[in-house]
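Below is one structure, written out as structure tokens; the observations come after it.
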Amino acid sequence: MTVRIGELALAAGVLTPRQLDAARVQQKQGGGRLGAVLVSLGYVTEQQVTDLVARQYGLPAVNDLDSLEVPPKVLALVPREHCVSHCVLPLARHGATLQMAMADPTNVFAVDPIQFKTGLKVKPVVAAESAITRALLRLYGEPKGLEPVGGGNGHAAPPPPRLEELNPADIPLDGVEIDPDAFGADEAEVEQVQVGPEEIDLASLTHGSADRPVVGLVNRILVEAYRRGASDIHVEPYEKEFAVRFRIDGVLVEYGNLPPRVRETVTTRIKIMANLDIAERRLPQGGRIKIRMRQDDRARDLDFRVSCLPTLWGEKIVLRLLDKARLMLDMTKLGFEVESLRRFEAAIAKPYGIVLVTGPTGSGKTNTLYSALSTLNKRDTNIMTAEDPVEFNLRGINQVQIREAVGLTFAMALREFLRQDPNIILVGEIRDYETAEIAVKAALTGHLVLSTLHTNDAPSTVSRLVNMGIEPFLVGTAVNLIQAQRLVRRLCAHCKTDVTKELHSQNLVEAGFLPQDLGSLRVHRGRGCPACNGTGYKGRVGLYEVMEMTEAIRDLVMVGATAVEIKKKALEEGMLTLRQSGLEKVRQGTTSLEEVLRETVR
Numbered sequence: 003m004t005v006r007i008g009e010l011a012l013a014a015g016v017l018t019p020r021q022l023d024a025a026r027v028q029q030k031q032g033g034g035r036l037g038a039v040l041v042s043l044g045y046v047t048e049q050q051v052t053d054l055v056a057r058q059y060g061l062p063a064v065n066d067l068d069s070l071e072v073p074p075k076v077l078a079l080v081p082r083e084h085c086v087s088h089c090v091l092p093l094a095r096h097g098a099t100l101q102m103a104m105a106d107p108t109n110v111f112a113v114d115p116i117q118f119k120t121g122l123k124v125k126p127v128v129a130a131e132s133a134i135t136r137a138l139l140r141l142y143g144e145p146k147g148l149e150p151v152g153g154g155n156g157h158a159a160p161p162p163p164r165l166e167e168l169n170p171a172d173i174p175l176d177g178v179e180i181d182p183d184a185f186g187a188d189e190a191e192v193e194q195v196q197v198g199p200e201e202i203d204l205a206s207l208t209h210g211s212a213d214r215p216v217v218g219l220v221n222r223i224l225v226e227a228y229r230r231g232a233s234d235i236h237v238e239p240y241e242k243e244f245a246v247r248f249r250i251d252g253v254l255v256e257y258g259n260l261p262p263r264v265r266e267t268v269t270t271r272i273k274i275m276a277n278l279d280i281a282e283r284r285l286p287q288g289g290r291i292k293i294r295m296r297q298d299d300r301a302r303d304l305d306f307r308v309s310c311l312p313t314l315w316g317e318k319i320v321l322r323l324l325d326k327a328r329l330m331l332d333m334t335k336l337g338f339e340v341e342s343l344r345r346f347e348a349a350i351a352k353p354y355g356i357v358l359v360t361g362p363t364g365s366g367k368t369n370t371l372y373s374a375l376s377t378l379n380k381r382d383t384n385i386m387t388a389e390d391p392v393e394f395n396l397r398g399i400n401q402v403q404i405r406e407a408v409g410l411t412f413a414m415a416l417r418e419f420l421r422q423d424p425n426i427i428l429v430g431e432i433r434d435y436e437t438a439e440i441a442v443k444a445a446l447t448g449h450l451v452l453s454t455l456h457t458n459d460a461p462s463t464v465s466r467l468v469n470m471g472i473e474p475f476l477v478g479t480a481v482n483l484i485q486a487q488r489l490v491r492r493l494c495a496h497c498k499t500d501v502t503k504e505l506h507s508q509n510l511v512e513a514g515f516l517p518q519d520l521g522s523l524r525v526h527r528g529r530g531c532p533a534c535n536g537t538g539y540k541g542r543v544g545l546y547e548v549m550e551m552t553e554a555i556r557d558l559v560m561v562g563a564t565a566v567e568i569k570k571k572a573l574e575e576g577m578l579t580l581r582q583s584g585l586e587k588v589r590q591g592t593t594s595l596e597e598v599l600r601e602t603v604r
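Position in the sequence shown (from 1) plus 2 gives the number in this note's numbering.
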């Protein structure tokens with residue numbers, strides 16, 4: 003039982019510490035609930051256990067279940083298997099309220115599924131475990147034999163229905179055992195996945211018990227997001243609907259709509275898994291979920307970063323899937339043009355200076371920086387990172403999770419790093435003057451500093467640093483390279499089609515192609531097929547604008563030149579803009595012209 007009946011009995015003086023220890027030993031050897039073990043050993047009576055629990059939670063107690071008759075319509079509201087599994091018994095229905103006898107009134111997994119399926123509010127009353135068991139046998143009868151999988155007709159069970167195709171209350175339940183206490187926001191605990199209660203058996207998503215619908219629904223959403231290659235899951239409450247959307251290849255797609263009545267139960271389940279405060283609905287919260295999927299004796303660990311934000315109609319939850327298996331650390335496969343890759347690799351090979359990667363959220367900055375660290379990670383190199391959050395663990399690299407609530411900011415971590423004899427420092431993001439100032443000092447004192455910044459392109463990053471308060475001569479001296487990047491969808495290899503004849507030459511010139519190149523240019527578009535779910539795209543590729551801090555550009559920075567002047571000089575020295583990088587991907591047949599126009603400007 004979740005209720006600490008042993009402590010309650012000790013506090014009431016009906017049990018001695020020695021008796022409690024003996025009962026726990028007996029429970030460990032033979033199993034069962036502690037209350038039942040205490041009664042079987044004769045230390046307490048059933049009546050005492052029931053009274054203690056009822057008094058602790060201010061609930062009424064029922065002591066006459068042996069003679070109580072329950073209407074068949076009430077019994078039909080709760081499956082027998084659910085009652086036996088959680089030791090509960092429905093007693094009566096009064097309007098929208100269902101009175102239910104429970105041995106453990108704090109068992110939310112006994113209450114939530116019933117409220118989910120019936121729409122009734124469960125009002126618990128306390129009863130002895132053995133009394134409930136006797137009443138179940140008397141009222142429900144002996145359990146029937148189990149039928150073979152597939153209904154006993156010799157046929158395999160049908161595949162699990164999709165969420166879009168039915169009411170969530172009808173989804174087959176998974177019977178997955180997940181211990182909410184095993185999930186936490188603490189980084190050390192997050193990375194420890196124990197075999198057992200945290201596992202999700204994919205085969206059991208089709209057939210399972212009928213007592214935990216919310217658990218099954220949430221697990222199905224998490225697993226389906228992984229199967230579809232989603233990077234984020236959006237669970238969004240609105241006035242008359244409760245939507246689930248997946249971000250696949252950078253684009254949000256509808257997965258299904260849940261009825262608004264399940265908002266609270268689904269939200270609560272996710273918050274429990276992420277170890278968030280389920281009673282706090284006014285402030286944003288963040289946490290992490292780590293689960294292990296198992297199928298055909300193969301296991302895969304999935305890590306989700308959870309963000310919960312109060313909105314007008316409830317709490318919106320976004321879960322970002324952090325799948326290390328999909329992390330691309332080979333820089334030659336990220337989509338760099340040959341010259342851009344040469345410049346980037348030359349910059350990170352220098353012993354000191356700053357390399358900045360810029361772009362909006364979701365533009366692949368973390369992947370680029372982790373790829374750079376993977377290239378630089380050697381046994382004779384001390385690499386330290388300050389991140390918020392730490393998305394992936396990299397072997398041989400000292401990673402620090404920023405915790406601003408306790409005062410561990412980027413600036414503080416960076417300041418302490420300098421006392422740890424580092425060779426290379428990664429700062430997750432330069433957000434303020436203090437962090438930028440320390441990063442510049444670190445670069446000028448013999449350290450290689452990698453970091454990110456939120457700007458639209460590479461030349462405007464110089465202006466951003468100056469606006470933060472960094473002197474132009476320090477920017478020009480400390481920075482080695484600035485790189486802006488975006489992600490665009492990659493054309494599906496199965497349905498890619500040449501559509502050059504469908505396009506007007508003027509439109510191609512306006513997009514940025516040179517008139518003399520149009521004769522040999524081939525533009526492709528995805529028609530849509532089952533392999534790409536009809537979208538025409540499968541996967542993503544990067545667009546890169548790499549600006550090396552040459553002597554000429556450094557001179558412009560030091561005299562306070564504008565971003566336009568710096569960009570003009572960089573183009574003269576061979577820099578490709580984001581648009582030009584995208585057009586090169588169009589020439590190669592990697593992406594479509596529409597994708598490049600959507601993500602870049604001339």
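Every residue gets a Cβ at the ideal spot worked out from N, C-alpha and C, and that includes glycine.
Considered as a whole, the region 223 to 287 harbours 265 to 275 as its complete alpha helix (DSSP H) runs of no fewer than 4 residues, in chain order. Residue range 316 to 324 is occupied by the beta strand (DSSP E) that includes LYS318, with no alpha helix (DSSP H) assigned at that position. For GLU473, the closest alpha carbon among the candidates ILE427, VAL559, ARG488 is that of VAL559. DSSP, read as helix, strand or coil, puts PHE118 in helix. With fewer than 16 other CB atoms across the displayed protein chains lying within 10 angstroms of its CB, PHE475 is exposed. VAL490 has its alpha-carbon roughly 6 Å from the corresponding atom of GLU597. Counted as a single uninterrupted DSSP element, the alpha helix (DSSP H) harbouring HIS84 occupies residues 82 to 88. The C-beta distance from VAL451 to ALA445 rounds to 5 Å, short enough to fall under 8 Å.
Annotated three-state conformation of ASP390 is coil, per DSSP. For the region 365 to 415, the continuous beta strand (DSSP E) assignments of 3+ residues that do not extend past its boundaries occur at 385 to 389, 400 to 403, in sequence order. Between the alpha carbons of ARG136 and LYS292 lies a distance of about 40 Å. The residue from TYR539, HIS84, SER309, THR313 with its alpha-carbon nearest to that of GLY530 is TYR539. Under the three-state reduction of DSSP, CYS534 is assigned to helix. ARG604 is positioned such that its CB atom lies closer than 8 Å to that of ARG581. Less than 8 Å separates the beta-carbon of VAL543 from that of GLY337. Pairing GLU504 with ARG249, the inter-Cα distance amounts to about 30 Å. Around ILE484, the same chain offers LEU358, ALA460, THR463, MET549 as residues with beta carbons nearer than 6 Å, after the five sequence neighbours per side are excluded. In this structure, DSSP gives GLN49 a helical state, which the three-state scheme calls helix. Under the DSSP definition of a beta bridge, ILE356 partners with VAL451, VAL481. With respect to the C-alpha of ASP519, the residue from LEU510, LEU578, HIS526 having the closest C-alpha is LEU510. The C-alpha of LYS119 is placed about 21 Å away from the C-alpha of ALA105.
Of all C-beta pairs linking the region 51 to 65 to the region 77 to 85, fewer than three are shorter than 8 Å, placing the two stretches out of contact. Contact annotation, GLY289 with LEU278: C-beta distance approximately 5 Å; criterion of less than 8 Å satisfied.
Under the three-state reduction of DSSP, PHE515 is assigned to coil, being neither helix nor strand. Here DSSP, grouped into helix, strand and coil, assigns ASP23 to helix. Distances from the alpha-carbon of TYR546 to those of VAL110, LEU585, ALA563 put LEU585 closest. By the CB criterion at 8 Å, THR377 and MET330 fall outside the cutoff.
Under the DSSP assignment, GLU550 falls in the beta strand (DSSP E) whose first and last residues are 539 to 550.
For LEU599, the enclosing alpha helix (DSSP H) covers residues 595 to 601. VAL320 and HIS236 do touch by the CB rule: their CB atoms are close to 5 Å apart, below 8 Å. Pairing ARG20 with ALA94, the inter-Cα distance amounts to about 40 Å.
DSSP, reduced to helix, strand and coil, places ILE555 within a helical segment of the structure shown. Our two residues, GLY361 and ARG302, have alpha carbons roughly 31 Å apart in a direct line. In the DSSP assignment, GLN487 is bridged to TYR546. A distance below 8 Å separates the beta carbons of LEU455 and ILE432.
Looking only at GLY398, TYR435, LYS123, ALA374, the smallest Cα-Cα distance to MET414 is reached by TYR435.
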